Structures are given as C-alpha cells and as structure tokens.
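Quick note: the sequence shown uses the working numbering, first residue 1, plus one each step. In this text, a Cβ means the ideal position worked out from N, Cα and C, and glycines have one as well. Computed from a predicted model, the values in this text were never measured in an experiment. Note sheet for the following structure.
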Amino acid sequence: MELDSKTYRLSGAAGPGRVAGIIGIIALAVSFMGVFTASKEGGSDHARATANVLHMQAAAETAAPVATDDHAVNKGSGHTIGRATQFFQSYLNAFTFWVTVGLGGLFATLVHHMVRATWSVVMRRMYESLMVTLPILIIFFIPIALWGMQDLYHWTNASEANDPIFLKKEAWLSPKFFCLRAVVYFVIWFILARLLYSASLKQDEAPSEALSVRMRMISAPGLILFAATTTLAAFDWIMSLNYHWFSTIFGIYIFAGAYLSCTAFCVLVTMYLRSKNILTKEINDEHYHDMGKWLFAFVVFWSYIAFSQFFLIWYANLPEETAFFKDRGGPGWGMASLMLVICHFAIPFLFLLSSLTKRSPKALVIAAVWLLAVHWYDHYWLIAPNFHESLAFSWLDVTCWLGIGGIFFWNFWRKFTSAPVIPVRDPQLEGSIKFVNFWV
C-alpha cells in the first residue's frame, strides 16, 4: 500500500477492506445458518412464546396452576431463550452499534462544516467515508423488519393489545409505521451524506469558496435533521423493546456513544495508516492530541447524560420510568451495571486525563479499542436485559458483530481509498497540517 504524494490516493490498498468483507460474509452466513437450523428443528420462538402466554392467561382465568417453559415472552433466564430470539437480540445489538459509528461520522462532518474547523480538515475524508456507509446499513434492517420484529418487540404480539399503555401508544407502535420510519431515517441520512460527499469530491477537482459555503448551508439544517432522526431511531430500535419505559434524553445518550465510537474508530484507522508510514506528516501529534481530547470529552459527556437520566428517574420515582433501572439493578444485572460505570467512565477518564496520554499513539490505540468494546457493551446493556434475567453472552454476539462490522468496514475502506484520503484542495488544508494544539 503506497500513497501518491501529489494526488493523495492510495494504491494497492484493497486488502484490509476485502479481508473484512470476507470475514463479514462468513460470520453472517454462520449466524443465519445456526438460527434457521434451530428454527426448522424447534419451530418459531414467537409461536412458542405466544402459545405459552395464552396458556398462562387461560390458566389465570380458571385459577389453575400453570407449568411454564423457559420461552417467556419478555425474558428468559440465563441462556434459555430460543435461538431465534437470541439471534435477533445479538443482531440488533450489532446493527445499532455499527449504525451509531456511521452516525458519528455524519455528525462530525456536519459540525466540521458548520464551525469551519481547521484541525479536522485532514480527518474529514474519514468522517465522510463513515457517513456514506450509513445507507448500505438499511440492508441489515431488512431481517429485523421481515422476521425479527415479533421476537424483539413485544408490542407486535396480539397478547399486548389490551395493555392500557400500549393503547395510548398504538398509533406509533405500528409495525408498518415502524418500518416506514426506519426507511425515512435512512433516506435522510443518505441525502445528507450524498450532498456533502459529492460537494467534497468536487472540491478536490476544482476548489471554490462556493462549495465550502454550500457544504456549510447543508450542514445547518442537516444538524437539526440529524438530531431528530437519531433520537427517533433510538426510541424505535432500542427504547421500544420495553414500550412501558420512556426517557426524553435517551436520544442524547445514544448520540454521545455514537460520536465517541466514531472518534475511536478514526483513531484506529489513523494509527493503521501511521504504521504503514502514510499521512505521518499530515496527521501528526497535534491531531492525535485533539482526538484524545474528543475521546476524553465524550467519555465525560456520556457519563453526564447517563447520570442525568438515572438521577431524574430516581428522583421522580415513577413506576413507568424506574422499571428500566430496576431490571438492570437486581441480582442478575447489578454487577453488570456497575461494570458499565467503571469501564465506560472511571477507567477511560483516568487513563485519558493526562496530556501525555493523549499525545501517545500507543496509548490512544489502547483507549480506542477499549472504548469501542465498552460502546458495544453499552448497547448490550440496553438491549439484553429485555430478554435475559442475568448476564448471558452468546457466540451469536460475536458472529453478528463481525458479520455486520466486516461489511461495514469493507464499504468504509472502499469509499476511503477510492478518492484522495484527505481533501487535497480544501482552503484550510495547509492550516490543518500546520495546526498547533494547546496542551490540555
């Protein structure tokens, strides 16, 4: 892999993306084969769960004792939920994880243009390559829409029809409307990403102040659309797993993790290029320091939002709100919740506190890998307690993450290497290369 110093195009760079794509396809194939084989042998998880609920309801009416199986509608104990439900839980976890990484790239691009940032010009093509990967992720929403909704979202079950809370939210909790909203989110993300990316490539060919103004004008309403769609997608895909619960700042919570994971992802890509002696002058210690500061800042911001959400719910003490933390604070999930606080806040906060750490490539790699891991764990903590009464990892958690992630990275790398890896004719490029940081 070599870099043309004049055009800043990489040659012979297809390897990492191709390998990631192959791994992704194999991992997804293994995941789907495992779940469909189990479904063929044992029937539908949803069918078993529905039959079990109807049996329980009938027994309750006659005051007869009931012997229940392990396939409860809302939760299983430990590893006892069906393979199909486990697959879709792991799949949703992987899907939302990689979507948030792409959304972080979209946000970083929008903010870059809005504030006319200088330091991040050399990083912009990475952000752009992440955001243009978002549209392809709609493909991974199809299995959820076609086969997974009944295993994931209990409000699709006929037994929920008489729930008074469901009746108040019935207009919103409609499967067709749910899928339509998902399409709208992806269409908006596609339009924003396409408009900004095409203008950026035009700037590489013919620099123009008008193009910079155009990207800034797109970014202003784009940030509003980003905030609305990210919040609603978080409500739909994660919060509605338990539709009795709600939090008005849940969208901000998801956004905080999105930008944090995007920055960590870009740190790893930057360090990989550095190991190949590519962009070592263009992306230097000053930029590493700023990326370290952003990691530190969003570790604190995520923790602030997480604590605010907890504190407000604890203080109000409303049953419909406290159920979320009650599920995650009992014997099965209490230690797992404590580990999230330690791993997502305490450890990275102390590790990134020093300026020396922020300027150390090795330290930043450690921090980036750690934060991507805890970002996945954060999504697992949000999703899994709706299905398990205690911490219960599955091999499907790994294969689904590798499957969607491998194809995500393949598309990212393909976009990143198909154009100059930095915006070569951006008016602020020279200032970005010569950028000097404050030691904070």
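Classified as buried, L429 has 16 or more neighbouring CB atoms from the shown chains inside 10 Å of its CB. The three-state reading of DSSP puts E389 in coil, since its state is none of H, G, I, E or B. For W302, the closest of A258, A13, L356, P331 by C-alpha to C-alpha distance is A258. Approximately 6 angstroms separates the beta-carbon atoms of R125 and P423; this is inside 8 angstroms, confirming the contact. Taking C-alpha positions only, G82 is separated from K415 by approximately 38 angstroms. By the criterion of at least three beta-carbon pairs nearer than 8 angstroms, the segment 377-389 is in contact with the segment 332-343.
Distance from C262 to V101 at the Cβ level is roughly 6 angstroms; contact confirmed, criterion being Cβ atoms closer than 8 angstroms. Taken through DSSP and simplified to helix, strand or coil, E2 comes out as strand.
When secondary structure is reduced to three states using DSSP, S354 falls in the coil class, being assigned neither helix nor strand.
Where W376 is concerned, the enclosing alpha helix (DSSP H) starts and stops at 361-383.
In the DSSP assignment, L10 is bridged to L3. Buried is the label assigned to D426, since at least 16 other Cβ atoms lie within 10 Å of its Cβ. Considering only D290, V132, F88, the residue with the shortest C-alpha distance to L106 is V132.
Nearest C-alpha to V365 among H289, W98, N386: H289. Under the DSSP assignment, K276 falls outside any alpha helix (DSSP H); it carries neither an H nor an E label.
Remark: C-beta atoms of A419 and D204 approach each other more closely than 8 angstroms. With a cutoff of 8 angstroms on beta-carbon distance, L396 and F87 are scored as near each other. The three-state reading of DSSP puts Q89 in helix, counting H, G and I together. Rounded to whole angstroms, the gap between the alpha carbons of E128 and E160 is 42 angstroms. Within 10 angstroms of the beta-carbon of W189 lie 16 or more other beta-carbons, which makes it buried.
In the assembly as shown, F438 is an exposed residue. Its beta-carbon has fewer than 16 other beta-carbons within 10 Å.
The alpha-carbon of W314 is positioned some 7 angstroms away from that of T322. For W410, the CB contacts under 8 angstroms within the same chain, skipping 5 residues up- and downstream, are G17, R18, A20, G21, G24 in chain order. Note that the C-beta distance between F325 and A256 is not below 8 angstroms. Here DSSP, grouped into helix, strand and coil, assigns A206 to coil. Between the C-alpha atoms of S308 and P207 there is a straight-line separation of about 45 angstroms. Look at T280 here: in three-state DSSP terms it is coil, with no helix or strand label. The residues E389, S390, in chain order, have a CB closer than 6 angstroms to that of G332 in the same chain once the five nearest residues on each side in sequence are set aside. Going by beta carbons, F141 and A182 fall inside the 8 angstroms limit.
For Y243, the closest of V269, M291, F166 by C-alpha to C-alpha distance is F166.
Distance from the CA of V300 to the CA of G292, rounded to the nearest whole angstrom, comes to 13 angstroms.
In chain order, W237, I238, H379 place their CB closer than 7 angstroms to the CB of T96, counting only its own chain and leaving out the 5 sequence neighbours on each side.
Where R414 is concerned, the enclosing alpha helix (DSSP H) starts and stops at 395-417. With a contact defined as Cβ atoms closer than 8 angstroms, L201 and I218 miss out at about 14 angstroms. N162 and P143 have their C-alpha atoms some 28 angstroms from each other. Between the C-alpha atoms of I433 and W172 there is a straight-line separation of about 49 angstroms.
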